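Heads up: the sequence shown begins at 2 in our numbering, then just goes up one per residue.
Ideal Cβ positions, reconstructed from N, Cα and C, are used throughout, including at glycine.
All values derive from a computational prediction rather than experimental measurement.
Here is the structure we will look at.
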Amino acid sequence: MAATLVGCTDARFLFSGLDLPFNLHELDPGKAYRSAQPTGFELENAIDLLDLKTVINLRGYHAGDPWYDEEAQICQEMGVTLVDFRMSGRSLPEPELLEAIVETLQTAQYPILIHCLGGADRTGGVSAVYRMLIAGDDRATAMQQLSPSFLHFPIRYPCMDYLAQIYESTDEWLIEYAENYDQYQCGYE
Numbered sequence: 002m003a004a005t006l007v008g009c010t011d012a013r014f015l016f017s018g019l020d021l022p023f024n025l026h027e028l029d030p031g032k033a034y035r036s037a038q039p040t041g042f043e044l045e046n047a048i049d050l051l052d053l054k055t056v057i058n059l060r061g062y063h064a065g066d067p068w069y070d071e072e073a074q075i076c077q078e079m080g081v082t083l084v085d086f087r088m089s090g091r092s093l094p095e096p097e098l099l100e101a102i103v104e105t106l107q108t109a110q111y112p113i114l115i116h117c118l119g120g121a122d123r124t125g126g127v128s129a130v131y132r133m134l135i136a137g138d139d140r141a142t143a144m145q146q147l148s149p150s151f152l153h154f155p156i157r158y159p160c161m162d163y164l165a166q167i168y169e170s171t172d173e174w175l176i177e178y179a180e181n182y183d184q185y186q187c188g189y190e
């Protein structure tokens with residue numbers, strides 16, 4: 002069974018009639034997707050129908066937790082690379098973490114799925130970075146990844162909006178970010 006992606010961003014249409022409520026959206030047609038934590042069933046279908054090669058998990062490595070063990074097993078069995086980053090939506094990512102995420106976005110085997118728990122805040126921040134870094138979007142366009150249509154509300158997690166506001170897709174900016182990380186404030190610190 003193949004899914005037909007006709008420019009739609011709603012999971013109900015991506016999965017040929019299956020209504021999978023895990024905040025799944027197309028981030029870059031045929032190349033990148035974003036979502037909340039998928040169930041095993043949702044992940045298997047996404048891998049199969051979207052031909053995913055890499056899953057980027059922003060919740061971190063959680064061996065022993067049923068959700069994580071299932072995700073890791075499915076990825077292994079289906080030949081998909083699982084990349085784990087422990088990222089908080091309540092603070093800016095530490096420089097080493099942001100650098101690792103950027104490197105993964107640049108070197109991952111595509112198509113990719115980026116997810117956190119709700120698919121709104123951390124996923125929105127990394128999706129905005131993706132849109133600037135990989136898709137070449139301007140900041141205003143990339144910032145659309147952090148909107149209520151993805152269940153993101155800046156008042157709850159302003160750090161992800163701030164990340165998208167300050168991010169520059171250059172190596173020089175990553176160096177500057179690392180050197181001045183302690184000076185950045187985003188609302189919770």
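Cα-Cα separation between ASP183 and ASP139, rounded to whole angstroms | Sequence index remark: in the sequence shown, residue 183 carries index 182 (1-based). Sequence index remark: in the sequence shown, residue 139 carries index 138 (1-based). Distance between the alpha carbons of ASP183 and ASP139: 26 Å.
With DSSP collapsed to three states, give me the class of TYR163.
-> Counting from one through the sequence shown, the residue named residue 163 turns up at place 162. Correct three-state label for TYR163: helix.
If we count the other Cβ atoms within 10 Å of its Cβ and call it buried at 16 or more, is TRP174 buried or exposed?
-> Indexing the sequence shown from 1 puts residue 174 at position 173. Exposed, because fewer than 16 other Cβ atoms sit within 10 Å of the Cβ of TRP174.
Thinking just about the alpha-carbon of each residue, which of ILE176, ALA101, LEU53 is nearest to the one in LYS32?
-> On the sequence shown, residue 32 is found 31 positions in, with the first residue counted as 1. Checking every option, the nearest Cα to that of LYS32 belongs to LEU53.
What number of angstroms, rounded off, separates the C-alpha of LEU134 from the C-alpha of TYR34?
-> The residue given as residue 134 occupies position 133 in the sequence shown. The residue given as residue 34 occupies position 33 in the sequence shown. Roughly 15 Å between the two C-alpha positions.
Leaving aside the five residues before and after SER170 along the sequence, list all residues of the same chain whose C-beta is less than 6 Å from its C-beta, in chain order.
-> Within the sequence shown, residue 170 is the residue found at index 169, counting from 1. Around SER170: MET133, LEU134.
State the Cα-Cα distance for the pair GLN166 and ALA121, rounded to the nearest angstrom.
-> Sequence index remark: in the sequence shown, residue 166 carries index 165 (1-based). Sequence index remark: in the sequence shown, residue 121 carries index 120 (1-based). Roughly 17 Å between the two C-alpha positions.
Whole beta strand (DSSP E) runs in the stretch 23 to 48 with 3 or more residues, listed along the chain?
-> 26 to 29, 33 to 36
Proximity test, Cβ basis, 7 Å: GLY120 and chain B = The structure shown contains no chain B; it holds only a single protein chain.
Hey, out of LEU114, MET144, LEU98, VAL130, whose CA is closest to GLU27's CA?
-> Here residue 27 is taken as the residue at index 26 of the sequence shown, counted from 1. Nearest neighbour of GLU27 by Cα position, chosen from LEU114, MET144, LEU98, VAL130, turns out to be LEU114.
Would you identify the three-state DSSP class for LEU114, choosing helix, strand or coil?
-> Indexing the sequence shown from 1 puts residue 114 at position 113. Strand at LEU114.
Cβ-based burial, ARG87 [other Cβ within 10 Å; buried from 16] = Your numbering for residue 87 matches position 86 in the sequence shown. ARG87 is exposed by the Cβ-count criterion.
Using the beta-carbon count (16 or more within 10 Å), is PRO112 buried or exposed?
-> As a working note, residue 112 is residue 111 in the sequence shown. Under this definition PRO112 is a buried residue.
DSSP-derived helix/strand/coil call for LEU147 | As a first step, residue 147 is located in the sequence shown; it is residue number 146 there, counting from the start. DSSP places LEU147 in coil when its eight states are reduced to three.
Contact the stretch 93 to 107 vs the stretch 61 to 74: 3+ CB pairs below 8 Å | no
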